[in-house]
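Under our numbering, the first residue of the sequence shown carries the number 503, and numbering increases by one thereafter. Here the structure comes first, spelled out in structure tokens, and everything after it is commentary.
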Amino acid sequence: MTTSKSDMLVVTTDGVPGREISEVLGLVRGSTVRAKHLGTDIVAALRNLVGGEVREYAALMAGAREQSIDRMIDEAYQLGADAVVATRVQTSMIQQGASEVLVYGTAVRLA
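Written out as structure tokens, the structure is:
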């Protein structure tokens with residue numbers, strides 16, 4: 503039974519509790535690179551003066567994570583997976599002002 507993209511299980515554990523893995527399909531990943539905007543930098547610099555969360559950067563990174571997860575799910579779906587296990591999220595700075603968000607895991611079919 504192939505799962506729809508919206509029903510794909512994505513977990514950080516090595517398995518899905520209560521379900522058996524019947525087939526390992528392989529590594530799947532999704533990534534995006536996002537650069538900050540000059541206007542965001544100005545607002546962030548002002549917010550830095552008074553302290554608190556820099557909501558503009560938080561929103562930028564949240565969007566990057568979601569896009570990376572969606573891309574990983576698309577790859578798993580193409581393989582016919584029901585779930586992605588052992589999911590991990592990694593970030594790295596590409597250059598000053600630009601970061602990559604990488605999400606990866608193992609695509610599996612469940613019994």
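Backbone N, C-alpha and C fix where the C-beta goes; we use that ideal spot for every residue, glycine too.
Inter-residue spacing [alpha-carbon to alpha-carbon] between residue i and residue j
| i | j | result |
| --- | --- | --- |
| A583 | V535 | 26 Å |
| L529 | Y606 | 7 Å |
| Q580 | A560 | 30 Å |
| I575 | V586 | 8 Å |
| T515 | G599 | 32 Å |
| K538 | E522 | 42 Å |
| R611 | G517 | 11 Å |
| G520 | M563 | 33 Å |
| V513 | A588 | 6 Å |
Bridge partners - residue i, DSSP secondary structure assignment
| i | result |
| --- | --- |
| G528 | A609 |
| V556 | None; V556 has no bridge partner. |
| T514 | Per DSSP, none; premise fails for T514. |
| I523 | L612 |
| E602 | V535, S594 |
Closest residue to residue i among the options (Cα-Cα distance)
| i | options | result |
| --- | --- | --- |
| E602 | A566, V587, R573 | A566 |
| Q592 | A578, E568, A609, S506 | E568 |
Same chain, Cβ closer than 8 Å to residue i, five either side skipped, listed in chain order
| i | result |
| --- | --- |
| S533 | S570, R573, E602, V603, L604, V605 |
| E577 | V530, R531, G532, A609 |
| I596 | V535, E602 |
| M510 | I575, A578, Y579, A583, D584, A585, V586 |
| K507 | I575, D576, Y579 |
| R590 | T514, V605, Y606, G607 |
Residue i, enclosing beta strand (DSSP E) - first and last residue
| i | result |
| --- | --- |
| A588 | 585 to 597 |
Sequence-distant residues of its chain with Cβ nearer than 6 Å to residue i (five each side left out)
| i | result |
| --- | --- |
| A613 | E522, S524 |
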